[in-house]
Amino acid sequence: MNNGNTLDFTLQRNAFGKLVLTHASGESFVGVVPVRAFPVHVPEEGISLMNTESREVAWIDQLDALGEPERSLIRAELAVRECMPVVQKIVSVSSFSTPCTWSVLTDRGATTFVLRGDEDIRRVDAHGRLLIADAHGIQFAVQNYLALDPHSRKILDRFL
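Position 77, counted from 1, in the sequence shown is what my numbering calls 77; the numbers after and before it change by one each time, with no gaps.
Encoded structure:
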């Protein structure tokens, strides 16, 4: 298994688009899936490569420590699997009491969602990162609410 410091495997896509991990010993695993250990706090650290039986076949301490093409393949696979839109602007809210409907602009386009309660907005860290869970359980990220436009910050302040 990879101890995180040395790369003892190669990673490539097969003809069907599946990730294939091959250990230095020659053992191969088709259809490996990268899974972040800490997707919010340190998304580039602690990534497990899981086989089709959900068993870890490799561990990566730091994604940036990998060379190419492994790093790009893992990032591409994670991007396909993960769906956490990033809020760039809060356009409007239907009410300042919950439940209410939010209209937002995200990195994936405009959308609306229902916020059930103030407790569905979580501060992630001291750097202004937030997670907002909608009524369907979809998580929206705010990278730094202090960096949002004044209108968006004013709305968020009413809920924080």
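Beta carbons are placed, not taken as given, at the ideal position from N, Cα and C, and that holds for glycine. Being a predicted model, the structure only gives us computed values, none of them experimental.
Which residues does DSSP list as the beta-bridge partners of His-23? Working through the sequence shown from its first residue, we reach residue 23 at position 23. BP columns for His-23 point to Phe-9.
- Message: Let's test the definition: count the other Cβ atoms within 10 Å of the Cβ of Asp-120 and tell me whether it reaches 16, buried, or not, exposed.
- Response: Counted from its first residue, the sequence shown places residue 120 at position 120. Looking at its Cβ environment, which holds 16 or more other Cβ atoms inside 10 Å, Asp-120 is buried.
Reduced DSSP secondary structure (H/G/I, E/B, other) of Asn-3: Counting from 1 along the sequence shown, the entry for residue 3 is found at position 3. In this prediction, Asn-3 has a pLDDT of 45, which is less than 50 and means its spatial position is unreliable; what the coordinates show is noted afterwards. Coil.
message = Alpha carbons only, please: which of Val-42, Leu-19, His-136, Leu-63 is nearest the one belonging to Thr-52?
response = By 1-based counting over the sequence shown, the position of residue 52 is 52. Of Val-42, Leu-19, His-136, Leu-63, the residue nearest in Cα terms is Leu-19.
- Quick one, which of Phe-159, Val-114, Gly-128, Cys-100 has its alpha-carbon nearest Gln-139's? Here residue 139 corresponds to residue number 139 of the sequence shown, with the count starting at 1. For the residues Phe-159, Val-114, Gly-128, Cys-100, the minimum Cα distance to Gln-139 belongs to Val-114.
Exercise for the section: Could you tell me the boundaries of the beta strand (DSSP E) in which Asp-61 lies? Expected result: For this step, residue 61 is matched to residue 61 along the sequence shown. Segment 56-62, the beta strand (DSSP E) holding Asp-61.
> Anyone know if the C-beta pair for Ile-74 and Ile-155 falls short of 8 Å?
Replying inline: As a position in the sequence shown, residue 74 is number 74, starting the count at 1. As a position in the sequence shown, residue 155 is number 155, starting the count at 1. Not in contact: Ile-74 and Ile-155 (Cβ atoms no closer than 8 Å).
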